[in-house]
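Just so we're aligned: the sequence shown equals residues 4 to 228 in the working numbering. The C-beta atom is built at its ideal place from N, Cα and C for all residues, glycine as well. Worksheet: the structure to be examined is printed underneath.
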Amino acid sequence: MILRFHVEGTGERDAKITVLVIAGWTGRDATAMEAHIVELEAIGVPRPQTTPCFYRAAANLLTTGTSIEALGPETSGEAEFVLVALEDGLWVGAGSDHTDRKLETVGVAEAKQMCAKPVAPALWRYEDVAGHWDDLVLRSYAIDGGARVPYQDGPVTAMLSPTDLMARFEASGGTMPPGTLMYCGTLPVLGGIRPASGFAFELHDPVLDRSIAHEYNIAALPVVR
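Set out below in structure tokens:
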């Protein structure tokens with residue numbers, strides 16, 4: 004899968020992504036992670052046996068487009084920071100782990116495979132933010148009728164740090180060769196998990212005063228029995 008990203012100071016670049024990993028239950032704060040587990044249990048998603056866990060999904064689900072199609076109305080997004088391993092090092096971006104919530108009650112891995120995975124078309128070098136990583140903030144908005152309603156808001160410290168997360172992935176038998184993109188976990192939702200006609204997400208760096216932001220529309224396809 005070829006994705007085109009804007010890289011500050013150098014313009015556009017194409018990245019060939021061949022491996023997509025979706026890390027789940029990556030909370031650094033046990034209380035916040037438990038809150039997310041509980042909100043998912045409320046819609047029927049079983050509690051994980053271990054944390055964190057690492058799901059694999061098809062790389063061709065990734066998109067930097069501004070619209071996706073999903074089967075049925077019971078899907079929703081999640082703002083996450085993403086790690087992208089390329090030939091010239093580690094990069095950071097933002098994405099939405101859009102998921103089929105109805106299927107998630109049957110199997111989390113299956114639900115994640117069912118939906119496109121939006122990624123913002125911009126990257127930062129990890130080394131440029133590593134020194135102030137804990138200052139970064141994730142935000143998302145559910146969009147309905149043109150209104151942007153706050154959906155998630157919090158520091159990246161809610162999730163394991165990139166170095167810790169990658170170490171745990173490697174300890175589980177995983178590797179991150181060039182061409183790997185990893186979604187790295189999400190924040191609890193404000194007001195409960197719910198569908199919307201659009202979704203916006205942002206990774207903000209208050210130290211360097213910049214953001215990676217993206218939004219997309221969701222077209223719900225009819226479910227024919």
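Legend entry - Assigned secondary structure, R31 (DSSP; H/G/I helix, E/B strand, else coil): In the sequence shown, counting from the first residue as 1, residue 31 sits at position 28. Residue state, collapsed to three classes: coil.
Inset, instruction - Spatial neighbours of P198 within its chain, please: CB distance less than 7 Å, with the 5 preceding and 5 following residues excluded, ordered by chain position. - result: The residue you call residue 198 lines up with position 195 of the sequence shown. Once the five neighbours on either side are set aside, the close Cβ partners of P198 are P76, E77, T78 and S79.
Legend entry - Option in V111, R171 and G98 with minimal Cα separation from T69: Locating residue 69 in the sequence shown gives position 66, where the first residue counts as 1. Answer by Cα proximity: G98.
Inset, instruction - Please go through the same chain and pick out, in chain order, the residues whose beta-carbon is closer than 7 Å to the beta-carbon of T29, but skip the five residues on each side of it. - result: Along the sequence shown, one-based indexing puts residue 29 at 26. Closer than 7 Å at the Cβ level, and outside the excluded window around T29, lie P55, M162, L163, L168, C187 and G188.
Inset, instruction - Could you have a look at I215 and say whether DSSP puts it in helix, strand or coil? - result: As a first step, residue 215 is located in the sequence shown; it is residue number 212 there, counting from the start. Note: I215 maps to strand in three-state DSSP.
Inset, instruction - Could you tell me whether the Cβ atoms of L65 and I5 are closer together than 7 Å? - result: Locating residue 65 in the sequence shown gives position 62, where the first residue counts as 1. Locating residue 5 in the sequence shown gives position 2, where the first residue counts as 1. Cβ atoms of L65 and I5: not closer than 7 Å.
Inset, instruction - Tell me, please, whether the segment 36 to 52 touches the segment 190 to 207 by the rule of three or more beta-carbon pairs shorter than 8 Å. - result: yes
Legend entry - For G134, three-class secondary structure by DSSP: As a first step, residue 134 is located in the sequence shown; it is residue number 131 there, counting from the start. In the three-state DSSP reduction, G134 falls in the helix class (H, G or I).
Inset, instruction - Would you decide whether L224 is buried or exposed? Buried here means 16 or more other CB atoms lie within 10 Å of its CB. - result: Counting from one through the sequence shown, the residue named residue 224 turns up at place 221. It counts as exposed.
Legend entry - Exposure label - H101; buried when at least 16 CB within 10 Å: Reading the sequence shown from its first residue, position 98 is the one you call residue 101. H101 comes out buried.
Legend entry - Backbone CA spacing between V109 and A45 [nearest angstrom]: Numbered from its first residue, the sequence shown carries residue 109 at position 106. Numbered from its first residue, the sequence shown carries residue 45 at position 42. Those two C-alpha atoms are separated by around 14 Å.
Legend entry - The alpha helix (DSSP H) enclosing L106, as first and last residue numbers: Position 103 of the sequence shown, counted from the first residue, corresponds to residue 106. L106 -> alpha helix (DSSP H) spans R104 to E107.
Inset, instruction - Would you mind sorting G148 into buried or exposed? The rule is 16 or more other CB atoms within 10 Å of its CB. - result: Taking the first residue of the sequence shown as position 1, residue 148 is located at position 145. Label assigned to G148: exposed.
Legend entry - N-terminal and C-terminal residue of the alpha helix (DSSP H) that A174 is part of: Residue mapping note: residue 174 aligns to position 171 of the sequence shown, counting from 1. Counting along the chain, the alpha helix (DSSP H) containing A174 begins and ends at P165 to A174.
Inset, instruction - Measure the beta-carbon distance from L139 to Q155 and round it to whole angstroms, keeping in mind my assumption that it falls under 8 Å. - result: Looking up residue 139 in the sequence shown gives position 136. Looking up residue 155 in the sequence shown gives position 152. Rounded, the Cβ-Cβ distance is 14 Å, inconsistent with contact.
Inset, instruction - Buried or exposed for T183, please, with buried defined as at least 16 other CB atoms from any protein chain shown within 10 angstroms of its CB. - result: Here the question's residue 183 lines up with position 180 in the sequence shown. Note on T183: 16 or more other CB atoms within 10 angstroms of its CB, so buried under the neighbour-count rule.
Inset, instruction - Note down the Cα distance separating E72 from P158, rounded to an integer number of angstroms. - result: Your numbering for residue 72 matches position 69 in the sequence shown. Your numbering for residue 158 matches position 155 in the sequence shown. Each residue's Cα considered, the two are about 30 Å apart.
Legend entry - Per DSSP, cross-strand counterpart(s) of S79: Here the question's residue 79 lines up with position 76 in the sequence shown. T102.
Inset, instruction - In angstroms with no decimal places, state the Cα-to-Cα distance between L126 and V48. - result: As a first step, residue 126 is located in the sequence shown; it is residue number 123 there, counting from the start. As a first step, residue 48 is located in the sequence shown; it is residue number 45 there, counting from the start. Distance between the alpha carbons of L126 and V48: 32 Å.
Legend entry - Identity of the residue in G177, A61, F172 and E11 nearest K120 by Cα: Sequence index remark: in the sequence shown, residue 120 carries index 117 (1-based). Ranking G177, A61, F172 and E11 by Cα distance to K120 puts A61 first.
Legend entry - Cβ-based neighbour list, V152, same chain, cut-off 7 Å, excluding 5 preceding and 5 following: What you label residue 152 is simply residue 149 of the sequence shown in a count that begins at 1. For V152, where only same-chain residues beyond five positions count, the Cβ hits under 7 Å are Y144 and A145.
Inset, instruction - Go ahead and pull the three-state DSSP assignment for E90. - result: Translated into the one-based positions of the sequence shown, residue 90 becomes position 87. Note: E90 maps to coil in three-state DSSP.
Legend entry - A38 - DSSP class collapsed to helix/strand/coil: Locating residue 38 in the sequence shown gives position 35, where the first residue counts as 1. If DSSP states are grouped into helix, strand and coil, A38 belongs with the helices.
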